[in-house]
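> In the numbering used here, the protein residues as written are 926 to 1375.
Note that the Cβ used here is the ideal one computed from N, Cα and C, for glycine as well.
Just so you know, these numbers come straight off a predicted model, no measurement behind them.
One structure, as structure tokens, below. Some questions next.
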Amino acid sequence: MKHLTPLLIALAAFCACSEPQPVDVNSYVPRYAVMAHRGSTYWAPEETESAWRWAREMGADYLESDLQCTKDGVILANHDVNLTRTTDIEAVFGPGVPATRRDFYLSLGFSADDADEQLGYDAQGFTPYHAASYYYAELLTLDAGSWFNAARPEQARPAYAGSQYVSALQDQIAYAEGKMLRRDAAGCRVLPYCIKPECEGKTLAQIRSEAKENGKYMEFLDYGFAGAYVPDPADGGHRPGIYIEFKEPEVNPEDMEQRVYDILDACGWNIITAEPTETGFYKDGLVQVGKTRGKVILQTFSTESLVRANDVFGGRLPMCFLLWPPCPDDIPGGDLDTEEGFRAILEWAKANGAGISGPSISGEPNNYAELNHAWQAELVREAGMLNHPYSFDSIAQMEEQTDRSDGFFTNRSDLTLQYLIDHDLRAGSVNPAAPAVVPDPVATLERLGY
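Spelled out as structure tokens, the structure:
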């Protein structure tokens, strides 16, 4: 047995080295990360090309969005489930199934009888103005810019009207890569679509019988996202990451997280399957987060979505559990207002893959509940988690919250970036590779053509 001991020791050492080692995915995230909340809700129509191009050029670390799914399975980067606030959907379609849908079906080669039968099924599951009730081709006819000019006249720009579209996740990724939408001579978006090869020759009835969730999602269209973008001539070289939110499970498909995994994979943004090219978050005064392992952060308010995302992504991407009152009922002992209960929330979130806490903060103009008091922030640090509060709109909030925070969901990337630079938290001797100058926000919009 004496002669076997060295061999056994060697084998044990080999086995130990071969086992998957825990990965500190929080190390993928830059300190004092600036997340451009919906691109911007202040300077441009949120979650549109204008908002995300602006945020990229300002030097934000992440372009933030919310995810939901259309009737034909396109993943939108869009916050509101009901599209009436941020589009002209009421004027275009009214409260019922779009009157144009029958012609839409006919234009794709389906018979009149087939189309009429499908319209009956469409009406049964139809919720007016909810994204999941519409095909993406229908949503592309909407104006996602004019509402902003009416809602924020002090920031209104004629160029927003009629030029902004309801965004897909692929769009958000393209903007992070320094691209913009492909448009025709009239300035309209160019995004061709056709029937998927596997659906050619099938009737709508056949497609419905094979569709997921009892025909709710009619996924027979292929959109040409691969050719939908062109290099942005105004691109200054920043490459931000994306910070994407899974919304409540009831508004999305049962396999929503897997769908997002697959899109990230197809776009080369899934670090699980495609090794990033850079290790530094900044280089020569440019943001490079979108080229690193921290290029994608997942977030959700939903306990169910967090569990599902952890199952799909396996804890290999940073994840943030967002906090908002009341505490979810399915977190044992959870309570946002007591130390014991708050600690229970953090422990539950960590056990389900979240290494980041995302509490709401108070202050104008949103006046959210304050969930980032000093004692709460201290518990986040004790738990070994990062703290990414939302959402910042003022210098007063930065002054109160910066010492408690590791990152900032901000509607005013210009203010947040400048504050961090002025307080030696972002550039200079702290991080000489990071951008040291924040561009003028208005001049940046004008340079981008707005």
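For G1050 and N1139, I'd like the C-alpha separation in whole angstroms.
Going by the C-alpha atoms only, they are around 10 Å apart.
> On the DSSP letters alone, give me the boundaries of the beta strand (DSSP E) that F1381 sits inside.
No answer is possible for residue 1381: the residues shown for the chain start at 926 and end at 1375.
> What's the C-alpha gap between I1270 and K996?
One C-alpha to the other measures close to 34 Å.
> Using a 10 Å radius around the Cβ and a threshold of 16 neighbouring Cβ atoms, would you call G964 buried or exposed?
Result: buried.
> When the Cα atoms are used, what is the spatial distance from F1317 to D1190?
Each residue's alpha carbon lies about 31 Å from the other.
> Does any CB atom of chain C fall closer than 8 Å to the CB of T1335?
Here there is only one protein chain, and chain C is not present.
> Exposed or buried, which one is L1373 when buried takes at least 16 other CB atoms within 10 Å?
L1373 comes out buried.
> So the candidates are T1225, T1202 and D1147; which of them puts its Cα closest to the Cα of K1216?
Taking only the C-alpha atoms, the option nearest K1216 is T1202.
> What number of angstroms, rounded off, separates the C-alpha of D1028 from the C-alpha of T1066?
The alpha-carbon atoms of D1028 and T1066 are separated by roughly 15 Å.
> Just curious, the beta strand (DSSP E) that E1170 is in, first and last residue?
Where E1170 is concerned, the enclosing beta strand (DSSP E) stretches over G1166 to F1171.
> Do you know how far the Cα of H1313 is from the Cα of G1278?
Cα to Cα, G1278 sits roughly 16 Å from H1313.
> Check K927 in the structure and name its three-state DSSP category.
Residue placement at K927 cannot be trusted, given a pLDDT of 37 that sits under 50; what the coordinates show is reported in the next sentence. Reduced to three states, the DSSP call for K927 is coil.
> For Q1322, which residues of its own chain have a beta-carbon under 7 Å away from its beta-carbon, when the five flanking residues on both sides are left out?
Counting only Cβ-Cβ distances below 7 Å, and skipping sequence neighbours, we find I1286 and G1288.
> Along the chain, where does the beta strand (DSSP E) containing G1332 start, and where does it finish?
G1332 to T1335 is the span of the beta strand (DSSP E), which, as asked, contains G1332.
> What's the gap between the Cα of L1116 and the Cα of T1327?
L1116 and T1327: Cα-Cα distance of roughly 42 Å.
> Please report the residue range of the beta strand (DSSP E) in which T1225 lies.
Run containing T1225: V1221 to T1225, per the beta strand (DSSP E) assignment.
> Where does S1378 sit, in a helix, a strand or coil, going by DSSP?
No statement about residue 1378 is possible, as the shown extent of the chain runs from 926 to 1375 and does not include it.
> By the 10 Å Cβ neighbour count, where 16 or more other Cβ atoms means buried, how is H1163 classified, buried or exposed?
Looking at its Cβ environment, which holds 16 or more other Cβ atoms inside 10 Å, H1163 is buried.
> Run through DSSP, which three-state label would D915 get?
Outside the displayed span of the chain (926 to 1375) sits residue 915, for which this structure offers no information.
> What are the complete beta strand (DSSP E) segments, minimum 3 residues, inside the segment 1106-1140?
If we require 3 residues or more, the beta strand (DSSP E) runs fully inside the segment 1106-1140 come out as 1118-1120.
> Quick check: what's the CA-CA separation for R1076 versus E972?
In the sequence under discussion, the amino acid at residue 1076 is Ala, which differs from the Arg named in the question. So the two alpha carbons sit approximately 15 Å from each other.
> Quick one: what's K1104 bridged to in DSSP?
Its beta-bridge partners are P1156.
> What is the DSSP secondary structure of S1316, counted as helix, strand or coil?
Residue state, collapsed to three classes: strand.
> Determine the contact status of P1158 and V1212, defining contact as a CB-CB distance below 8 Å.
No, the pair does not count as a contact, with Cβ atoms beyond the cut-off.
> For D1365, is the classification buried or exposed, using 16 other Cβ atoms within 10 angstroms of its Cβ as the cut-off for buried?
Exposed is the call here.
> By a C-beta neighbour count over all protein chains shown, 10 Å radius and 16 as the cutoff for buried, is H962 buried or exposed?
Buried, by the Cβ-count rule.
> Helix or strand or just coil, what does DSSP make of N1007?
Note: N1007 maps to strand in three-state DSSP.
> Excluding the 5 residues preceding and the 5 following Q1183 in the sequence, name in chain order all residues of the same chain whose CB lies nearer than 8 Å to its CB.
Hits under 8 Å: V1237.
> At which residues does the alpha helix (DSSP H) containing M983 begin and terminate?
E974 to M983 is the extent of the alpha helix (DSSP H) around M983.
> State the start and end residues of the unbroken beta strand (DSSP E) segment that holds D991.
Where D991 is concerned, the enclosing beta strand (DSSP E) stretches over Y987 to C994.
> How many angstroms separate the CA atom of H1298 from the CA atom of G1152?
Going by the C-alpha atoms only, they are around 47 Å apart.
> Name the DSSP beta bridge partners of V1355, please?
Looking at the DSSP assignment, V1355 forms no beta bridge with any residue, so it has no partner.
> Following the continuous alpha helix (DSSP H) through I1270, name the residue where it begins and the one where it ends.
Taken as a continuous stretch (DSSP letters only), the alpha helix (DSSP H) holding I1270 covers E1264 to A1276.
> I'd like the list of long-range same chain contacts for D1180, defined as Cβ closer than 6 Å, with 5 residues on each side in sequence excluded.
Closer than 6 Å at Cβ, skipping near neighbours: no residue.
> Going straight from the alpha carbon of I1132 to that of Q1043, what length do you get?
Approximately 10 Å between the Cα atoms of the pair.
> Going by CA-CA distance only, name the one from T1052, L1033, D1013 and L1106 that's closest to A1086.
Looking at the Cα atoms, D1013 is the closest of the given residues.
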